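Taking it in order: structure first as structure tokens, then the write-up.
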Amino acid sequence: MSKLQPIRGTHDLLPEAMRQHRHVVDTAATVAGRYGYDAMATPVFEATEVFARTLGETSDVVTKEMYSFESKGGDSITLRPENTAGVARAVISNGLQQSLPLRYFYAGPMFRHERPQKGRQRQFHQIGIELIGIAHPLGDVETIAAGAAVLDALGVRDRTLLELNTLGDTESRDAYRGRLVGYLDRFRDDLSEDSRRRLDLNPLRILDSKSPRDREIVADAPVFGDSLTDGARAWFDAVKAGLDAIGIAYTLNERLVRGLDYYCHSAFEFTTEALGAQGAVIAGGRYDGLIGRMGGPDTPGVGWAGGIERLALLADADLPAPRPLALVPIGEAAEAATLPLAERLRAAGYRIDMAFGGNVKKRMKRADRVRARAAVLVGDDELAAGAATVRDLDSGEQSTAPLDSLAEALAPFR
RNA sequence: GCGGAUGUAGCUCAGUUGGUUAGAGCACCUGGUUGUGGUCCAGGGGGUCGCGGGUUCAAAUCCCGUCAUUCGCCCCA
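Numbering (the numbering used here), first residue to last: 1 to 414.
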């Protein structure tokens, strides 16, 4: 056990894990592309205000999970805990409100100072899409459909459940907030410590509490649906109708309250039972107020983010390393001839493995270990004949192929 | 941040109520094979028993602390 360990909550992505990781990203990028989403990236760190102002001063992410530090110039900088705020900032920075609507796909590392668990790390990775500039419920439907399609493509859709809720518009939320606080205040002393704090700061979160006593109290709380304005209700109905129209099943969950303050209207999560306490694999919602709150022109948006590690864990795809061809020179003359040969084959698109020493036996052993499809043996006999011996390492069959047309002759092993 | 469990070789794990030089399988290296891998046989390398302290004649084993992992809470992707 080495003392040199990665920072708590961070992990190395060795090739096998990297393939899983990339599989999720590539699959998601491809699927998102079919919906018209283009890949883009924002910096891994931003000015702290980008997150602090937009995620909600009282959110857990802002109050205790941000990796913030001071730059040499004295500015406060934060490693992004999520990417929606960064994308919103990029829209403003680049004047992209002139080019609406925007459809963006992203993938990259995010950072949150939390207690690590399986499927939860301090540096983790997310994929996500953002649809910006569409103030229409079918925008919500489109992003949810894209999320479902990603899960489908990864083969995990049947192990997830789509939970859906509406957070309404500002008017609905303010009205509900008033009613909820009015109700909960009578139970102030019975609420859990956390919830008492939330009562003043962010009462909607109490709906989400897992404390048994809180749940009892909340069970009789006013229902949010009763506070919806006609507009907000019509919006939500349109979203549900759209999902129905394309056959995407969902479960209404009135307790679904997103952790970040910028959400409104649709809030949704694709959840799974398969990952223990870390149930959410893709989650998102509408954030019409975000860009405005950040100082840009009022611009609507919807989107979601998915945890790559969680998706990879769920998908558990069998992705063996690509199999190379092994070049095995025998003798000094062959050694000299093989280097340019290897380059030619690589230029022709082959994955070539070549050891830099050892006798034939060792090199053959290595060819086997790297799971080479075939070994290309070149010795004095072969050089004299102008041909290589090609051994199929699966069947053990050997044949010869002319050196000057090896690239074509090896096609079956590509 | 809080509570529980775990921590012995690269990996998976044994290690009896504390008792000599800490073991196995897999993996790795060498040889049996001079121009042929996988199988087989023989041999070999690799561990401050997570780290620090304490109890004891003696600690992988008991106690305390600490770090890490893991499960749950909180919260989230």
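Note that beta-carbon positions come from the ideal geometry of N, C-alpha and C, so glycine has one too.
Values in this document were obtained by computation on a predicted structure and should not be read as measured data.
Taking the Cα of Arg-173 as reference, the smallest distance to any Cα among Thr-160, Ile-282, Ala-388 and Val-257 is reached at Val-257. Gly-95 is bridged by DSSP to nothing; it lacks a bridge partner. Secondary structure at Glu-269: strand, using DSSP grouped into helix, strand and coil. Val-91 and Gln-97 have their alpha carbons spaced roughly 7 angstroms apart.
Rounded to the nearest whole angstrom, the C-alpha separation of Ile-217 and Arg-255 is 13 angstroms. According to DSSP, residue pairing for Gln-117 in a beta bridge involves Arg-120. Bridge pairing for Glu-130: Tyr-104 and Gly-303 [DSSP]. Boundaries of the alpha helix (DSSP H) harbouring Phe-51: 48-55, taken from the DSSP string.
Between the stretch 399-414 and the stretch 380-391 there are three or more inter-stretch CB-CB distances shorter than 8 angstroms, so the stretches are counted as touching. In the DSSP assignment, the residues bridged to Pro-329 are Val-378. Under a 10 Å Cβ-count criterion, Asn-94 is classified as exposed, with fewer than 16 other Cβ atoms of the shown protein chains found around its own Cβ. Per DSSP, reduced to three states, the secondary structure at Gly-295 is coil, with no helix or strand assignment. Within 10 angstroms of the beta-carbon of Gln-117 lie fewer than 16 other beta-carbons, which makes it exposed.
Per DSSP, reduced to three states, the secondary structure at Phe-224 is helical. According to DSSP, Gln-398 shares a beta bridge with Arg-391. Sequence-distant Cβ neighbours of Gly-296 in its own chain, meaning closer than 7 angstroms and more than five residues away, are Val-91, Ile-92 and Gln-97.
Relative to the Cα of Val-328, the nearest Cα in the group Gly-155, Leu-55 and Arg-366 belongs to Arg-366.
By alpha-carbon distance to Leu-207, the top candidate from Tyr-176, Leu-228 and Ala-232 is Tyr-176. In this structure, Ala-219 keeps its C-beta atom at 9 angstroms or more from the C-beta atom of Thr-166. A Cβ-Cβ contact shorter than 9 angstroms links Arg-286 with Val-302.
Counting C-beta pairs closer than 8 angstroms gives three or more between the stretch 328-344 and the stretch 368-378, which meets the contact rule. The three-state reading of DSSP puts Arg-369 in helix, counting H, G and I together.
Just so you know, the alpha carbons of Asp-194 and Thr-78 end up roughly 26 angstroms apart. Shown here, Ser-76 sits in a strand according to DSSP, grouped into three states. Within a 10 Å sphere around the beta-carbon of Met-40 sit fewer than 16 other beta-carbons, which makes this residue exposed. The C-alpha of Asp-394 is placed about 24 angstroms away from the C-alpha of Arg-344. Per DSSP, reduced to three states, the secondary structure at Phe-45 is strand.
Counting along the chain, the unbroken beta strand (DSSP E) around Phe-69 starts and ends at 67-70. The criterion of a C-beta distance shorter than 9 angstroms is not satisfied by Ala-148 and Ala-28.
Secondary structure at Thr-170: helix, using DSSP grouped into helix, strand and coil. With contacts defined by Cβ atoms closer than 9 angstroms, Gln-278 and Gly-306 do not form a contacting pair. The stretch 154-169 makes contact with the stretch 262-272, as at least three CB pairs between them are under 8 angstroms.
Here Leu-184 really is in contact with Leu-199; their C-beta atoms are around 6 angstroms apart, less than 8 angstroms. Ala-283: member of the beta strand (DSSP E) spanning 280-286, first to last residue. The straight-line gap separating the alpha-carbon atoms of Val-24 and Asp-381 is approximately 48 angstroms. DSSP assignment within the stretch 201-255 yields the following whole alpha helix (DSSP H) runs of 4 residues or more, N-terminal first: 212-219 and 230-245.
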